[in-house]
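The block underneath contains the structure these notes are about, expressed in structure tokens.
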Amino acid sequence: MLINGNLKKYLFYAIGEILLIMIGVLLAFQVSNWNEKRKNKKAEILFYQNIKRQLNEDMGIISRNIDYNNRYLGQFDYADQIIEANDQSKMDTLVKISVNLIRYSDFHRASNIYETIVNSGQIKLLHNHRIIEGLQRLEETYVYINKMEGIHLDVIKLIVLPYLVKSIKFSSRKAERPGELYTFEF
1147 MLINGNLKKY
1157 LFYAIGEILL
1167 IMIGVLLAFQ
1177 VSNWNEKRKN
1187 KKAEILFYQN
1197 IKRQLNEDMG
1207 IISRNIDYNN
1217 RYLGQFDYAD
1227 QIIEANDQSK
1237 MDTLVKISVN
1247 LIRYSDFHRA
1257 SNIYETIVNS
1267 GQIKLLHNHR
1277 IIEGLQRLEE
1287 TYVYINKMEG
1297 IHLDVIKLIV
1307 LPYLVKSIKF
1317 SSRKAERPGE
1327 LYTFEF
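Residues in the sequence shown are numbered consecutively from 1147, following our numbering.
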């Protein structure tokens, strides 16, 4: 076209080619962005499903811990009544309940989806900020629960167990010092 003197036609053709290439590149970017958004949405839904699954698992564990603690709380209340009444006839029952003082619930999750999401950098995929804030508060609550359970374990190891060891013979589950079991300290 240049040789034949059709510069105008050649420029028009070249501009058309450039426009077609630009449209193709922009279309490819748009399709890529659309595909990336679709993948991110799928990942977000999967994260929400995993969060829901973990919360249901946690709820089951917490419910079992509540039942466990309530069962022993009832026993300890009964032991307290025996001690207050100074009912020596129920010594064997008091010893059996006393041995249970070394038991405690221990809440540990199988996994921590919130921590996993944060550490992987995928938290940016979650768009529901109320859920994110709720998970942060829940994580703080879990940390608090674990600290309280640690304190409970320390009390058992440092106070309860030494007192029980000097008062009860664990192998036979008999009171070594029956009077110790009916004291205010106990």
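Each residue gets a CB set at the ideal place from its N, CA and C atoms; glycine is no exception.
No experiment lies behind these values; they were computed from the predicted model shown.
Using a Cβ-Cβ cut-off of 6 Å (strictly less than) and excluding sequence neighbours within five positions of residue i, which residues of its own chain qualify?
i            : result
residue 1325 : none
residue 1241 : 1314, 1319, 1321
How should residue i be labelled, buried or exposed, when 16 other C-beta atoms within 10 angstroms of its C-beta is the threshold for buried?
i            : result
residue 1244 : buried
residue 1189 : exposed
residue 1177 : exposed
residue 1146 : Here the chain has residues from 1147 to 1332 only, and residue 1146 is not among them.
residue 1316 : exposed
residue 1260 : buried
residue 1263 : buried
Near residue i, which residues of its chain fall below 8 Å by C-beta distance, leaving aside the five closest residues on each side in sequence?
i            : result
residue 1248 : 1302, 1306, 1307, 1310
residue 1237 : 1321, 1324, 1327
Taking the CB atoms as reference points, tell me whether residue i and residue j lie closer together than 8 Å.
i            : j            : result
residue 1197 : residue 1271 : no
residue 1330 : residue 1292 : no
residue 1221 : residue 1258 : no
residue 1239 : residue 1228 : yes
residue 1194 : residue 1251 : no
residue 1277 : residue 1269 : no
residue 1204 : residue 1255 : yes
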